[in-house]
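Engineer:
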Amino acid sequence: MPPVSPSRELSWGRLVQRKWNSHYDQSYSAHSLRLKELGMDLEQEVLLIKTRAYLGAARVPLESLRFPSIGSRTPNEDCEKRLLEIFSSYSCQRLAHENRIPVLISPKYLQQALEAANLPLGSIKDAEPPFLDLPHERTLLALSGRHRWEAAKKFYNEPQDRWWSRQSEIPLKYLEIMSEECENSMPFFDGEIYYKIRASHLRSDSLQVAKWVNRITSHSKRVDYERLHASKYYKPFCDALDELVPFPALLFSFHLGNIRRFFRMKCPEELATFVQHMRSIWAGIMQGFDTDLLSSTDVKYVQGRSPVWSSADRVYIENLFKEGQIFPRITDRGKREVLKSRILAIDSIIPSMTTFMENTKYLEPAAILLRELLPGRFRGTIRRQLRKFYSIDKASDDRFWLSYQHLWLTALRLFPYLTDFKPLQDRRGHRKEFTGNYWGYFARSAIQHGFKSSRILRILQSHPMTDILQKPALCPAMTTNTAHRWRLKDRCGMPTEHMFEDAALFLSVENIYQDMQCAANAVDLTPFAVARDGFRAFFGNRPPPSREMTMVDEGRTLSASLVSLHPTLHEDGMSEPPSLDIRDSGMDLDNQRVAKQPQVPGAQSLELEMTGRHDLTGERLLPPPQETVVTQDVVPAALPTPFPPTINASTTEIIVANAGQMQSYDLDLWQRRVPREVQRLSPSQAKAHFEKSNWDYALYVYNDQDEPHFYYPAANELALVDSFIQNRRGWWYASYHDGTIITINPDDVRSKLEKDRFILCGNDSGDLWRAKRDEEAEL
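Counting in numbering that gives the first Met the number 0, the sequence shown runs from 0 upward without gaps.
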């Protein structure tokens, strides 16, 4: 079965698109004609009101202006930078008529201001507008020119700008129209247009909706917008986006061009969950504050940061508040402290529309892969379809939800091997090859988790010989103490090749919803932590209710010959998808061949609690549990798995952690995950140093030749102590009590560490003697 290509997969989508375009063009033409007639009438009304309302022009302090929440442009730092460059290299041209900022003022207040300045009423009609020193506490409502106003405040030491007044009886709907008129502004961004459309729709203002829909210059984008909001299946997603209307700064980065990807993915429930997660985070931050005080620049500053899990992010956010870069319009110190404390308390990666859009690029290939298990032209969503094909317990939503997430995680681990989607290159021009035949494994995984369809069966029958994935490892690390240059793309979106492999090692429901502890002063997040956060944003933070129930082992194989089809008929005569009668073959990995294994030069002979069976072809079958065989370290040849064991002839040992499960201890896993600190201390000094720290546990490697150092495993990393010991044959271990060093058996190290929290160790018996000598000399 060839890799799934988005272009091949979407041929039917293009046909639907053409039909929709034809229908859209016909209905849209008639509707737009009616709206055009209404729009012309409204334009004449606005022109008449503007003529009657105009009073004159004057120069006022910029601090005397404010902008409305409705109709005004969303604050954008890029626009302000562009204007500042124009001011610096050319001029501001504040006296030019087209650069005036229209404002509202009552005739009574205008008369008071003119009297205070000893100016006649006719002065505001002069070619040189007068200056009115208005009090800052009484601001004027400005209708447009927000970015000019923001840029001028930064450019001038004593900023002044023009104003335009009107009579007080201008209706609200005309004020909004006037505020959206500007001959010299930058084109509206997609997110701004989308916000205007939805805000107008929620106010039932069809004329404004039509006006802003017509501002979508791309015909395909306009059609996609209409399709999105016409689909009953995407209504949860559209409703979630409408909940962001009170937060225009969040919708600012919405790109209409991404709607086409949403259609390909067919998972609007997951998209809606992420958007709701985003709204929940920002509603918590802005609770009690005017959401108009949140700018797109503020969102950019903190998106992708994780202040609870990363000390570097925490310091960065504290500096933003200290230097006044974030929320500059909120000057009250107490209010800023409230906002800072709320942001620093967020225990996830801070979401934004940008991180949402980027994360859909990571979820999309998995969605395309899941669609391969379903009928080619199904209506609805992936979740709805898989629910129809779920057979373990049709009445149990809990069991389905658990199996459903298992299948998504399997797809996330497999997509580079089965689709044309690939992780980003680590080095430009050096693309990693993801080779292997995992179609049979993917279909088998679907069946084992309770999903049955004729499409799944055909895949399984077409690929009886398949590669397999190792079972996801346990105890993933969430943080690292290695500092890197911070990049937003490392916290969202399609991962790089090494990030994909590091994260995929641990992608399981158990790891995703495991309660994790935050290591003290951890610097950065691991690739798994980023993938975990993204998955939970799409699928929710609530652990599956049935997480404790025993799940099937993906190492178990179902032979295609043991699966039969039984079509069933409904009362209406329609046949439902064929059901599968699965009879367990009674053996793990039955009929699954692993390619002929080459011998590794110098590999140690190891005795395993397994027996290997060899067929006449010389290929090695993975053995069943509870038997014994003497074998050697091997590496896959023709059929590489995504995560092959790390082979080191001198130190690698394959052990059996559970019956029937082969695992290889990754020699680098301990080094990558467990924090390390170099300190040359005596045993008593090392114990005192650890007790003053905030770490949970410590192994102090007492080495006289190399650099003595601490390892600080967290509570959820104690399982790695076993691999630390297994990979360090001949080391000594000792507990330390009241100045006495007591050697202990390696098998007791983990239990003693859990009890005493501090263990001494070394790789040379001479170091043990020197440790005791140093302790005696100190006493």
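The beta-carbon is built from N, C-alpha and C at its ideal position, and this holds for glycine as well.
Have a look at the DSSP bridge pairing and note the partners of residue 523.
Structural biologist: In the sequence shown, residue 523 corresponds to position 524, counting from 1. Its beta-bridge partners are 479.
Engineer: Alpha carbon to alpha carbon, how far is residue 473 from residue 481?
Structural biologist: For this step, residue 473 is matched to residue 474 along the sequence shown. For this step, residue 481 is matched to residue 482 along the sequence shown. Their backbone Cα atoms lie some 22 Å apart in a straight line.
Engineer: Please classify residue 537 as buried or exposed, where buried requires at least 16 neighbouring CB atoms within 10 angstroms.
Structural biologist: For the purposes of this step, residue 537 is taken as the residue at position 538 of the sequence shown. Label assigned to residue 537: buried.
Engineer: With a 10 Å radius around its C-beta and 16 neighbouring C-beta atoms as the bar for buried, classify residue 397 as buried or exposed.
Structural biologist: If you number the sequence shown from 1, residue 397 lands on position 398. With fewer than 16 other Cβ atoms within 10 Å, it is exposed.
Engineer: Candidates 208, 200, 490, 494: which alpha carbon is nearest residue 351's?
Structural biologist: Counted from its first residue, the sequence shown places residue 351 at position 352. Looking at the Cα atoms, 490 is the closest of the given residues.
Engineer: So if DSSP puts residue 734 in a beta bridge, which residue, or which two residues, is it bridged to?
Structural biologist: Residue 734 sits at position 735 when you count from the first residue of the sequence shown. Answer is 741.
Engineer: With distance defined between alpha-carbon atoms, name the residue in 518, 521, 510 nearest to residue 530.
Structural biologist: Taking the sequence shown and counting its residues from 1, one reaches residue 530 at position 531. The residue with the shortest Cα to Cα distance from residue 530 is 510.
Engineer: Report the option in 747, 744, 761 whose CA atom is closest to the CA atom of residue 682.
Structural biologist: If you number the sequence shown from 1, residue 682 lands on position 683. It is 761.
Engineer: Taking the DSSP output, what are the residues bridged to residue 708?
Structural biologist: Here residue 708 refers to the residue found at position 709 when the sequence shown is read from its first residue. Answer is 677, 700, bridged to residue 708.
Engineer: With distances taken from CA atoms, which of 329, 313, 357, 327 is nearest residue 340?
Structural biologist: Taking the sequence shown and counting its residues from 1, the one referred to as residue 340 is at position 341. Among 329, 313, 357, 327, the Cα nearest to that of residue 340 is on 313.
Engineer: Which of the three DSSP states, helix, strand or coil, is assigned to residue 307?
Structural biologist: Taking the sequence shown and counting its residues from 1, one reaches residue 307 at position 308. Coil.
Engineer: Please list, in chain order, all residues of the same chain as residue 764 whose beta carbon is under 8 Å from its beta carbon, the five residues on each side excluded.
Structural biologist: Within the sequence shown, residue 764 is the residue found at index 765, counting from 1. If we look at residue 764 and ignore the five residues flanking it on each side, its Cβ neighbours are 731.
Engineer: Within the segment 365 to 429, note down every full alpha helix (DSSP H) run reaching 4 residues or more, in order along the chain.
Structural biologist: Segments of the alpha helix (DSSP H) lying fully in the segment 365 to 429: 381 to 387, 396 to 417.
Engineer: At which residues does the beta strand (DSSP E) containing residue 253 begin and terminate?
Structural biologist: Here residue 253 refers to the residue found at position 254 when the sequence shown is read from its first residue. Per DSSP, residue 253 belongs to no beta strand (DSSP E) and is neither H nor E.
Engineer: If we ignore side chains and look at the alpha-carbon of each, how far apart do residue 465 and residue 440 end up?
Structural biologist: By one-based count along the sequence shown, residue 465 stands at place 466. By one-based count along the sequence shown, residue 440 stands at place 441. So the alpha carbons of these two residues sit roughly 6 Å apart.
Engineer: Name, in chain order, the residues that DSSP records as bridge partners for residue 758.
Structural biologist: Reading the sequence shown from its first residue, position 759 is the one you call residue 758. Bridge partners of residue 758: 698.
Engineer: Give me the Cα-Cα distance between residue 757 and residue 706, rounded to the nearest whole angstrom.
Structural biologist: Numbered from 1 along the sequence shown, position 758 holds the residue referred to as residue 757. Numbered from 1 along the sequence shown, position 707 holds the residue referred to as residue 706. If I take the Cα positions, the gap works out to 19 Å.
Engineer: How long is the line joining the alpha carbons of residue 677 and residue 359, rounded to whole angstroms?
Structural biologist: Indexing the sequence shown from 1 puts residue 677 at position 678. Indexing the sequence shown from 1 puts residue 359 at position 360. Answer to the nearest angstrom: the Cα atoms are 42 Å apart.
Engineer: What does the alpha-carbon distance come out to for the pair residue 262 and residue 527?
Structural biologist: One-based indexing of the sequence shown puts residue 262 at position 263. One-based indexing of the sequence shown puts residue 527 at position 528. Straight-line Cα distance between these residues: approximately 28 Å.
Engineer: Could you work out which residue in 406, 379, 389, 483 is closest to residue 368 when comparing CA atoms only?
Structural biologist: Residue mapping note: residue 368 aligns to position 369 of the sequence shown, counting from 1. The shortest Cα separation from residue 368 among 406, 379, 389, 483 belongs to 406.
Engineer: Hey, residue 124 and residue 55: beta-carbon distance below 8 Å or not?
Structural biologist: Numbered from its first residue, the sequence shown carries residue 124 at position 125. Numbered from its first residue, the sequence shown carries residue 55 at position 56. Yes, these two residues count as a Cβ contact at 8 Å.
Engineer: Are the beta-carbon atoms of residue 231 and residue 366 separated by less than 8 Å?
Structural biologist: In the sequence shown, residue 231 corresponds to position 232, counting from 1. In the sequence shown, residue 366 corresponds to position 367, counting from 1. Taking 8 Å as the Cβ cut-off, residue 231 and residue 366 do not qualify as a contacting pair.
Engineer: Just mark residue 66 as buried or exposed, buried being the case when its beta carbon has 16 or more other beta carbons within 10 Å.
Structural biologist: Locating residue 66 in the sequence shown gives position 67, where the first residue counts as 1. Buried.
Engineer: How about residue 189 and residue 255: do their beta carbons lie closer than 8 Å?
Structural biologist: Along the sequence shown, one-based indexing puts residue 189 at 190. Along the sequence shown, one-based indexing puts residue 255 at 256. For residue 189 and residue 255, yes; Cβs fall inside 8 Å.
Engineer: Quick check for students: name the residue ranges of the alpha helix (DSSP H) that lie wholly in the segment 319 to 369, counting only runs of 4 or more.
Structural biologist: Here the runs fully enclosed are 332 to 343.
Engineer: Can you list, in chain order, the residues of its chain whose CB lies under 7 Å from that of residue 748, leaving out five sequence neighbours each side?
Structural biologist: For this step, residue 748 is matched to residue 749 along the sequence shown. These residues qualify, in order along the chain: 720, 724, 732, 758.
Engineer: Count the C-beta pairs between the segment 341 to 350 and the segment 295 to 303 that are closer than 8 Å, then say yes if the count reaches three, no if not.
Structural biologist: Enough Cβ pairs lie closer than 8 Å, so yes.
Engineer: Taking 6 Å as the limit between beta carbons, can you name the residues of its chain near residue 275, skipping five residues before and five after?
Structural biologist: As a working note, residue 275 is residue 276 in the sequence shown. Within the same chain, residue 275 has close Cβ partners 239.
Engineer: What do you reckon, are the CB atoms on residue 522 and residue 309 nearer than 8 Å?
Structural biologist: Within the sequence shown, numbered from 1, the residue matching residue 522 stands at position 523. Within the sequence shown, numbered from 1, the residue matching residue 309 stands at position 310. A contact, by the Cβ cut-off of 8 Å.
Engineer: Under 8 Å between the Cβ atoms of residue 438 and residue 458?
Structural biologist: Counted from its first residue, the sequence shown places residue 438 at position 439. Counted from its first residue, the sequence shown places residue 458 at position 459. For residue 438 and residue 458, yes; Cβs fall inside 8 Å.
Engineer: Could you tell me the distance, in whole angstroms, from the CA atom of residue 477 to the CA atom of residue 447?
Structural biologist: Mapped onto the sequence shown, residue 477 falls at position 478. Mapped onto the sequence shown, residue 447 falls at position 448. Going from the Cα of residue 477 to the Cα of residue 447 covers about 29 Å.
Engineer: Along the alpha helix (DSSP H) that carries residue 109, what are the first and last residues, could you check?
Structural biologist: By one-based count along the sequence shown, residue 109 stands at place 110. Its alpha helix (DSSP H) spans residues 106 to 115.
Engineer: By the DSSP assignment, the beta strand (DSSP E) with residue 60 in it spans what residues?
Structural biologist: Your numbering for residue 60 matches position 61 in the sequence shown. Per DSSP, residue 60 belongs to the beta strand (DSSP E) from 56 to 60.
Engineer: In this structure, how does DSSP classify residue 102 when only helix, strand and coil are distinguished?
Structural biologist: Numbered from its first residue, the sequence shown carries residue 102 at position 103. Residue 102: strand per DSSP, three-state reduction.
Engineer: Beta-carbon separation of residue 497 and residue 425 under 8 Å?
Structural biologist: Sequence index remark: in the sequence shown, residue 497 carries index 498 (1-based). Sequence index remark: in the sequence shown, residue 425 carries index 426 (1-based). Taking 8 Å as the Cβ cut-off, residue 497 and residue 425 qualify as a contacting pair.
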